[in-house]
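Single-structure report; data block below.
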Amino acid sequence: MSKLRYLTGYPAELVARVERLLDSGELGPWLSQRYPDRNEIQTDKALYDYVTDLKQRYLKNAPQPARVQYDNQLDLIGGTLGTNTFASRVQGGKLKRKNEIRIATLFRETPPEFLNMIVVHELAHLKEKDHNKAFYQMCCHMQPDYHQLEFDLRVWLTLRAAG
């Protein structure tokens, strides 16, 4: 079951179906047919522009991220695909707060739908810090098929981990 570590918590019949597709060699072609395109956002600047555009479209009143970048040091085994950090600093007599969004470098290789899903996830953290009902409602507001994309990303990660 360790080869399916990204699918823990999903119903057993769904996990078994993915395992059958993986064992028969049909999972890769299925994912390629479902998501044929490759992500074109390869630089940190392009990623920043992409995130800013989505933020302006859906979260106009949320604070602007000070930095957005790909990060090759995120722990994929622990499940960290993106982070949203907040740093508070005192400048003069004012307290300045800035946040950074870091996306795992592997998203340069994924279909654009998966990059969109993880960006939506991190942008939702600008409003909701916890993974609660309001957080997932915000994700679904920005990306209506958020939950399906999250599952498909986990399937893609499972295929990638299997080699």
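Each residue of the sequence shown is one higher than the one before, starting from 868 at the first, in the working numbering.
Even glycine gets a Cβ: it sits at the ideal position worked out from N, Cα and C.
Only a predicted model underlies this, so the values are computations on that prediction, with no experimental measurement involved.
Identify which residue in the options has its Cα closest to the Cα of residue i.
i, options, result
"residue 901", "1011, 1029, 1015", "1015"
"residue 894", "988, 916, 914, 871", "871"
"residue 930", "905, 881, 890, 993", "993"
"residue 910", "965, 922, 939", "939"
"residue 936", "884, 873, 970", "970"
"residue 905", "989, 973, 885, 1003", "973"
"residue 921", "1030, 1008, 959, 896", "1008"
What residue does the beta strand (DSSP E) around residue i start on, and which one ends it?
i, result
"residue 890", "Element bounds for residue 890: not the beta strand (DSSP E) but the alpha helix (DSSP H), 879-891."
"residue 934", "934-938"
Can you say whether residue i is buried or exposed, counting buried as having 16 or more other CB atoms within 10 angstroms of its CB?
i, result
"residue 977", "buried"
"residue 982", "buried"
"residue 875", "exposed"
"residue 1017", "buried"
"residue 1025", "buried"
"residue 1019", "buried"
I'd like the list of long-range same chain contacts for residue i, defined as Cβ closer than 6 Å, with 5 residues on each side in sequence excluded.
i, result
"residue 944", "With a pLDDT of 47 at residue 944, under the threshold of 50, the predicted position of this residue should be treated as unreliable, though the coordinate-derived value follows. Cβ within range, chain order: n/a, list empty."
"residue 1012", "none"
"residue 1002", "991, 995"
Excluding sequence positions up to five away, which residues of its chain have a Cβ less than 7 Å from the Cβ of residue i?
i, result
"residue 1010", "983, 984, 987, 1016"
"residue 980", "902, 1016"
"residue 908", "914, 917, 982"
"residue 926", "990, 993, 994"
"residue 882", "871, 874"
Can you give me the Cβ contacts of residue i inside the same chain, cut-off strictly under 8 Å, excluding the 5 residues immediately before and after it?
i, result
"residue 903", "978"
"residue 898", "1019, 1022, 1023, 1026"
Between which two residues does the alpha helix (DSSP H) holding residue i run?
i, result
"residue 895", "894-901"
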